[in-house]
Every structure is written in C-alpha cells, then in structure tokens.
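Numbering (full-length UniProt numbering), first residue to last: 1 to 104.
Glycine included, C-beta positions come from ideal geometry on N, C-alpha and C.
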Amino acid sequence: MSQNFMKTYCAKSCGFCFKPPPVEVSTTLPPTIVTSQPLITMWRTSTSLPALTTSTASPPVTPPTPHPCKDRKHFCAHWKTAGFCEGIFMNYMKKNCAASCGMC
C-alpha cells in the first residue's frame, strides 16, 4: 500500500495522527529580594562628587487598628444560648459574635 493511501484511509492506526506536545506556560513569579543590610543614601555635600552614607533607620511601624467589640451577625445572642461560643464554633463566634460571647 502507498503512504498516501494509508494517510487517507487509516491515518490513526498507521501512526500518521499525532498531537503536538502541549506548550508549557510558566507561572513562576520572579523571586522577591529581602535584605537586612542598611540602606545606602547618596546626596551632594558640595558641588563635587556625591558622598555615600548609610542609614540604619527602620520603616515606621503602624500599630494594628483595634476592632470595636460588637456582634457582626444578627443571631449571635441565640447562638450563644445554643452553646456555640465554645467548641468547634469558637473561632467563628470570636470573629463574628465577640460581644455576645464575651470575647473582647
């Protein structure tokens, strides 16, 4: 049999069908560089060459905003009487029903 006949009438069983390999797409992000070395600042001290100095100042630390002690859900009082302030629901209740459960 000729190759053209085989490609036309039995391409799959004769091995003429193929899928191109899948194209790999990289979703890897570039690495983040973190350093604990002091920052180097440059500024002119005169009209000549710039001077190099180092700064060991840390960025200002912003304290977390305190959350008001309140219930975020309508049924907190009912859930408290059902015992949900303890056990497996305690984390949920602390987040959503802190006032009713006395978790402030």
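May I have the straight-line CA-CA distance separating residue i from residue j, to the nearest angstrom?
| i | j | result |
| --- | --- | --- |
| residue 160 | L29 | Any answer about residue 160 is impossible in this case: the structure gives the chain only from 1 up to 104. |
| F84 | C69 | 18 Å |
| S58 | R72 | 37 Å |
| C17 | V25 | 25 Å |
| P63 | G87 | 31 Å |
| N4 | P31 | 52 Å |
| K12 | M6 | 9 Å |
| Y92 | T81 | 15 Å |
| W79 | V61 | 38 Å |
Locate the alpha helix (DSSP H) running through residue i, then write down its first and last residues.
| i | result |
| --- | --- |
| M90 | 90-96 |
| H78 | 76-81 |
| T28 | Careful: T28 lies outside any alpha helix (DSSP H) and carries neither H nor E. |
| T8 | 3-9 |
Buried or exposed: where does residue i fall if 16 or more other Cβ atoms within 10 Å of its Cβ makes it buried?
| i | result |
| --- | --- |
| residue 105 | Since the first and last residues shown for the chain are 1 and 104, residue 105 lies out of range. |
| A98 | buried |
| C76 | buried |
| S100 | buried |
For residue i, which residues in the same chain have their Cβ closer than 7 Å to its Cβ, ignoring the five residues on either side in sequence?
| i | result |
| --- | --- |
| M103 | K94 |
Could one say the Cβ of residue i lies closer than 9 Å to chain B's Cβ atoms, at least one of them?
| i | result |
| --- | --- |
| S100 | The structure shown contains no chain B, having only a single protein chain. |
Whose C-beta lies closer than 6 Å to the C-beta of residue i among residues of the same chain, with five residues either side of it excluded?
| i | result |
| --- | --- |
| M90 | none |
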